[in-house]
Amino acid sequence: MRRDHWGSRLGFIMAAAGSAVGLGNIWKFPYMAGGHGGSAFLILYLAFVLGFGLALVIAELVLGRMSGRNPVGAFRVMAGGAWPLVGGIGVLTAVLILSFYCVVAGWTIAYLFYAIEGALDATSAGTLESLFNQLTGSGLAPLCYAAAFMAISVVIVSRGVGSGIERASKLFMPLLFVVLVVMTARAVTLPGAGAGIAFLLKPDLSAIDGETVSAALGQAFFSLSLGLGGLVTYGSYMRASAHIGRDALAVVLLDTLVAMLAGLLIIPAMFAAGMTPGAGGAGTTFKVLPAVFAALPGGHWIAIGFFALLTLAALTSSVSLLEPIVAWLGDEHDIARGRAAPLAGLACMVLAVPVSLSFGVWEHVRIMGYSIFGLLDFLTNNLSLPFGSLMTAIVVGWIIGPRAVAALGPDGRPVGAWAQAWLFVVRFVAPIGIVWILIQGLV
Ligand code: PFF
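Sequential numbering from 49 applies to the sequence shown in my numbering.
Below you can see the structure in the form of structure tokens.
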């Protein structure tokens, strides 16, 4: 079977940035930072993104382009032995993440409808809290929204790499960025927002402990779409002429910028609304944003635009979670895209049922002290993404080694001295750092 390719350099960057920028930036980052000491979390997060996140994005992409395969096939072709198992864990991780990703994306769609109806206009903190609880607490409605979201993702992935994923990302990403800048500018000037800005930006390392360190590492990987082979798969569609390092840098910078903007939007808005950071949990973004819309001229329309664009940003990420599963089913099991995509979507939806209920009627169910959502989040964020990244670093750094350096540039041309620094990070800094943090998180 001939492999699909990205149509252009911009197309690839937009698709990869579309994968990175998503609910992780706008829904997850603010409440994670809020719950883990604000600036302490941010500093660790930035250190991980720049310290080895970028190097690992390059590593996944080069593993994908060299092998031209899905995660399982990539590890088989490039490393052999038991290594394909790592790719398999990656594919499974994609299923687990999608099972909660579609639930949260479903809330986004619900909020789009609320915005259209005017239910978000000028409401008090109490009303917004109950609006969120009412949505997540009703058994069927959030599942229908999640299913609708999944169905759209499946349709995009069924259409293939160029016409589906790439086209959608190129259009929506820039729009989201503009709306986000406008909203953040308003949020930081709300009365009372100053304390929130200080909480996020004024360095205070006292909140750093093992848990914060591993949460920040997991968040960095989640946000960069690292550790499950999503970028291996996207790399497998890269042309020989693409400059992997330069493109990866653009993706990482865009992702970090959007996370910073979202943090500076949500956290100051929380302070302005008198909320304690970290108290809102997974619902934070949804409970806080309407106050910002209300403070903007034309807030009603901005709310509509924002939730529409957030849904689209979630879509360009969810397709990148579906894609490794579909590529695996296609490459390894000869199941055509048109059948593989709905199959994968269905599997994730089955798991989405208990996840969604864990925000409502099953709220009190506890497994090892975690809610069902909390457990999936912990397993993927704190364990399997760091594990997958560690294994990728070992394969690319030690098994492929200098051959990977030679494969970074366009059409095999040398890329300059930074490539040696990159190899050093992939060989030493990333593995040692990840192992150390994994241990911190467990003890
Ligand atoms: N990076 C996405 C986000 O921040 O929303 C989530 C994600 C997509 C994680 C793809 C992992 C992945 F492979």
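The beta carbon of each residue, even a glycine, is placed where N, CA and C say it ideally should be.
DSSP lists Y418 as the beta-bridge partner residues of I415. Here T156 is buried: its Cβ has 16 or more other Cβ atoms, across all protein chains shown, within 10 Å.
Taken in chain order, the whole alpha helix (DSSP H) runs of length 4 or more contained in the stretch 112-150 are 119-126.
In this structure, the alpha-carbon of L146 lies about 28 angstroms from that of A317. Within the stretch 423-481, no run of beta strand (DSSP E) reaches 3 residues while sitting entirely inside it. With a threshold of 16 other beta carbon atoms within 10 Å, D382 falls short and is exposed. A Cβ-Cβ separation of about 13 angstroms leaves A103 out of contact with L111 under the 8 angstroms criterion.
The beta-carbon separation of D459 and A288, rounded to 5 angstroms, stays under the 8 angstroms limit for a contact.
Counting along the chain, the unbroken alpha helix (DSSP H) around A264 starts and ends at G258 to S271. By the CB criterion at 9 angstroms, C150 and A195 fall inside the cutoff. The beta carbon of L249 sits closer than 7 angstroms to the beta carbons of S87 from its chain, once the five residues preceding and following it are set aside; these are given in chain order. Ranking P479, I315, G136 and G135 by CA distance to the CA of R234 puts I315 first.
Put simply, the stretch 333-349 touches the stretch 222-240. At least three CB pairs are less than 8 angstroms apart. Annotation: M286 is outside any alpha helix (DSSP H) and is labelled neither H nor E by DSSP. Here the distance from the Cβ of Y149 to the nearest heavy atom of the ligand PFF is below 8 angstroms. Distances from the CB of I145 to the heavy atoms of the ligand PFF include at least one below 8 angstroms. Straight-line spacing of the CA atoms in G154 and G481 works out to 35 angstroms. In this structure, the beta-carbon distance from F100 to D295 does not fall below 9 angstroms.
For M221, the closest alpha carbon among the candidates M62, S437 and F161 is that of M62.
By the neighbour-count criterion, in which a residue is buried when 16 or more other Cβ atoms sit within 10 angstroms of its Cβ, L219 is exposed.
In the assembly as shown, P119 is a buried residue. Its beta-carbon has 16 or more other beta-carbons within 10 Å.
For the options A465, G83, S67 and L58, the alpha carbon positioned closest to that of A330 is the one of G83.
In the pairwise beta carbon analysis, the stretch 415-433 is classified as not touching the stretch 196-204: fewer than three pairs are separated by under 8 angstroms. Cβ atoms of S404 and V413 stay farther apart than 8 angstroms, at about 13 angstroms. The closest heavy atom of the ligand PFF lies less than 8 angstroms from the beta carbon of K76. Distances from the CB of L191 to the heavy atoms of the ligand PFF are all 8 angstroms or more. Sorting E380, D379, V374 and L133 by C-alpha distance to the C-alpha of R387 places V374 at the top. For A310, the closest of G70, G174 and L160 by C-alpha to C-alpha distance is G70. Cα atoms of F148 and T260: separation of roughly 22 angstroms, rounded to the nearest angstrom. Here I485 is near L265, since their CB atoms are less than 9 angstroms apart. For A246, the enclosing alpha helix (DSSP H) covers residues G242 to L249. Cα atoms of T141 and A127: separation of roughly 21 angstroms, rounded to the nearest angstrom. Residue environment analysis places L272 among the buried positions, since at least 16 neighbouring C-beta atoms fall within 10 angstroms of its C-beta.
Annotation for P316 indicates a beta carbon at 8 angstroms or more from all heavy atoms of the ligand PFF.
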